[in-house]
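Protein chains in written order, with this note's numbering: chain A, 8 to 146; chain B, 81 to 140. Report on the structure given below.
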Amino acid sequence: MYATQQDSGSIATSSRGNLGEITPLDWLPHPGYEFGSIVADPLNSKVSYAGGPASGIIKVTYPSGQWINVSPNVDGTAGLRKVGNQPMAFSQTNPRELLVGFQYLFSTIDGGMHWKKLSPDLGLPKGAKPPNSGRASRS
Amino acid sequence: MKDDDDEMAADDGDEGDDDDPDATTMRQQRPGAGGAIESFSASTVDPGIIWVGTNNAWSS
Chain A
8 MYATQQDSGS IATSSRGNLG EITPLDWLPH PGYEFGSIVA DPLNSKVSYA
58 GGPASGIIKV TYPSGQWINV SPNVDGTAGL RKVGNQPMAF SQTNPRELLV
108 GFQYLFSTID GGMHWKKLSP DLGLPKGAKP PNSGRASRS
Chain B
81 MKDDDDEMAA DDGDEGDDDD PDATTMRQQR PGAGGAIESF SASTVDPGII
131 WVGTNNAWSS
């Protein structure tokens, strides 16, 4: 189990302990950030992805704890924007597909080696009026 | 000197305050830079649809 902790960074723990309870011995540091999401690879429980500092997305591998930045934002010319609690999740229909929100919805199916934009830029300039999306109605 | 509580109160969870020595601190969205995706969720009835929420805001 993974979690972010404000002002303290990320943490990982087993969902059960060998001493009959979960103790501090079961906790591990995790190099994720204090905000955002941490998701476990559904096909490899030793791998997790987390939002990191400097707008990065990091891929973490246990037991070594080694992490690398796999974010599309490593290309500084991409001009990507994100919110503090950046949304990130694996697809429910493709367990290899990791989805991440910047001003675009991004997808990777190879662990962050390559990213694909699934949407246009959905972020409007500050103060810009969003287009009318129509009137909600009942049928 | 700040204790932990003071630190939390001081930055209120935001990054990039003057006391932060971490050069890799997350860049905050600059005013006027535009919105970004806050959340998304796959449709439960159509696997080809992903609903997206943004922080785009407008007031008259």
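Using N, Cα and C, we set each Cβ at its ideal position, and we do this for glycine too. Here the structure is a predicted model, which means the values were calculated and not measured.
Cα-Cα separation, residue i to residue j
i: T105 (chain B); j: G134 (chain A); result: The predicted model places T105 (chain B) with a pLDDT of 44, which falls under 50 and marks its position as unreliable; any figure quoted below should be read in that light. Cα-Cα distance, rounded: 27 Å.
i: V77 (chain A); j: S123 (chain B); result: 27 Å
i: E118 (chain B); j: G130 (chain A); result: 10 Å
i: W131 (chain B); j: V125 (chain B); result: 12 Å
i: G43 (chain A); j: L26 (chain A); result: 31 Å
i: L35 (chain A); j: T115 (chain A); result: 27 Å
i: K89 (chain A); j: T11 (chain A); result: 17 Å
i: P102 (chain A); j: H37 (chain A); result: 22 Å
i: R107 (chain B); j: D33 (chain A); result: Any answer about R107 (chain B) is weak, because its pLDDT of 48 lies below 50 and its placement is not dependable; what the coordinates show is given next. Spanning the two alpha carbons is a distance of roughly 33 Å.
i: A116 (chain B); j: S98 (chain A); result: 20 Å
i: E28 (chain A); j: N139 (chain A); result: 54 Å
i: I129 (chain B); j: P137 (chain A); result: 21 Å
i: G83 (chain A); j: G63 (chain A); result: 11 Å
i: Y120 (chain A); j: I75 (chain A); result: Strictly speaking, residue 120 (chain A) in this sequence is Met, with Tyr absent from that position. Roughly 11 Å between the two C-alpha positions.
i: K53 (chain A); j: Q110 (chain A); result: 29 Å
i: N136 (chain B); j: G108 (chain A); result: 14 Å
i: S17 (chain A); j: D48 (chain A); result: 17 Å
i: T134 (chain B); j: P127 (chain B); result: 21 Å
Reference residue i; option with closest CA among the options
i: L105 (chain A); options: A:E28, A:A10, A:L50; result: A:L50
i: P39 (chain A); options: A:G58, A:K53, A:D48, A:F109; result: It should be pointed out that residue 39 (chain A) corresponds to Gly in this sequence rather than to Pro. Among A:G58, A:K53, A:D48, A:F109, the Cα nearest to that of G39 (chain A) belongs to A:G58.
i: D128 (chain A); options: A:G86, A:D33, A:S22, A:L32; result: A:G86
i: P70 (chain A); options: A:K124, A:Q110, A:T20; result: A:T20
i: A113 (chain B); options: A:P132, A:N139, A:K136; result: A:P132
i: Y56 (chain A); options: A:G83, A:Q93, A:E28, A:T84; result: A:Q93
i: P79 (chain A); options: A:V54, A:S52, A:W122, A:G91; result: A:W122
i: S121 (chain B); options: A:P137, A:G63, A:T100; result: A:T100
DSSP state of residue i mapped onto helix, strand, coil
i: L105 (chain A); result: strand
i: A113 (chain B); result: coil
i: N80 (chain A); result: helix
i: L32 (chain A); result: helix
i: A135 (chain A); result: coil
i: A137 (chain B); result: coil
i: D83 (chain B); result: A caution first: D83 (chain B) carries a pLDDT of 42, below 50, which makes its placement in the model unreliable, though a value can still be read off. Note: D83 (chain B) maps to coil in three-state DSSP.
Sequence-distant residues of its chain with Cβ nearer than 7 Å to residue i (five each side left out)
i: T30 (chain A); result: G24
i: G118 (chain A); result: K66, V77
i: D14 (chain A); result: E41
Proximal residues to residue i (C-beta, below 8 Å), its chain only, five neighbours per side dropped
i: A96 (chain A); result: S44, V46, L105, L106
i: Q73 (chain A); result: V67
i: M8 (chain A); result: A19, T20, S21, S22
Contacting residues, own chain, Cβ-Cβ under 6 Å from residue i (five flanking each side not counted)
i: V81 (chain A); result: none
i: L112 (chain A); result: L125, S126
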